[in-house]
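First up is the structure itself, then whatever we jot down about it.
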Amino acid sequence: MNFSFQTDADTVRLFQIVVWCLKKYFFYTDDLAVEFINSYYKKNLNIHDDDFYHHEMPFRVALRVHYFEVLQVEANKFQDWVREYDYNYTPREVIDYFQQHYFVNK
Numbered sequence: 040m041n042f043s044f045q046t047d048a049d050t051v052r053l054f055q056i057v058v059w060c061l062k063k064y065f066f067y068t069d070d071l072a073v074e075f076i077n078s079y080y081k082k083n084l085n086i087h088d089d090d091f092y093h094h095e096m097p098f099r100v101a102l103r104v105h106y107f108e109v110l111q112v113e114a115n116k117f118q119d120w121v122r123e124y125d126y127n128y129t130p131r132e133v134i135d136y137f138q139q140h141y142f143v144n145k
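Those letters in the sequence shown? Residues 40 to 145, per my numbering, in order.
Pasting the structure below:
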């Protein structure tokens, strides 16, 4: 899986987990998930740094990518959408997947 942006290994690993989330919860292929992530990352270079993505964590980043890149609805309604679809909390399976795949020996 190749992203079109340059970043450190930890952030690449985080975005690989975002791909898993996009596939699991929104049924995208690997290629589509990477395409949406690349687009979101590029559009937000001047807004978010890599620390932002680590703070948000993979599930929340996947939500942002899906909302802004695919749904393309009003930016100021993101929080309302998160509440409406009950995405307030990261599912346990995402936490488990993150722990198994992010904290690997380097």
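We put the CB at the ideal spot given by N, CA and C, even for glycine.
In this text, all values refer to a predicted model and were calculated from it rather than measured experimentally.
Could you compute how far the alpha carbon of residue i sits from the alpha carbon of residue j?
{"i": "H140", "j": "W59", "result": "11 Å"}
{"i": "V121", "j": "V112", "result": "13 Å"}
{"i": "Y67", "j": "L61", "result": "6 Å"}
{"i": "D88", "j": "F107", "result": "17 Å"}
{"i": "D17", "j": "E123", "result": "Residue 17 lies beyond the residue range present for the chain, which begins at 40 and ends at 145; the question has no answer from this structure."}
{"i": "L84", "j": "E95", "result": "16 Å"}
{"i": "D135", "j": "R52", "result": "15 Å"}
Taking the CB atoms as reference points, tell me whether residue i and residue j lie closer together than 9 Å.
{"i": "Y92", "j": "T50", "result": "yes"}
{"i": "N41", "j": "V73", "result": "yes"}
{"i": "F44", "j": "P97", "result": "no"}
{"i": "V133", "j": "K82", "result": "no"}
{"i": "V100", "j": "F65", "result": "no"}
Please report the Cβ distance between residue i and residue j, rounded to the nearest whole angstrom; I am assuming they are in contact, meaning their Cβ atoms lie under 8 Å.
{"i": "V109", "j": "I76", "result": "The Cβ separation is near 11 Å, so there is no contact."}
{"i": "L102", "j": "Y128", "result": "Their Cβ separation, rounded to whole angstroms, is 11 Å, which puts L102 and Y128 out of contact at 8 Å."}
By a C-beta neighbour count over all protein chains shown, 10 Å radius and 16 as the cutoff for buried, is residue i buried or exposed?
{"i": "I56", "result": "buried"}
{"i": "F142", "result": "exposed"}
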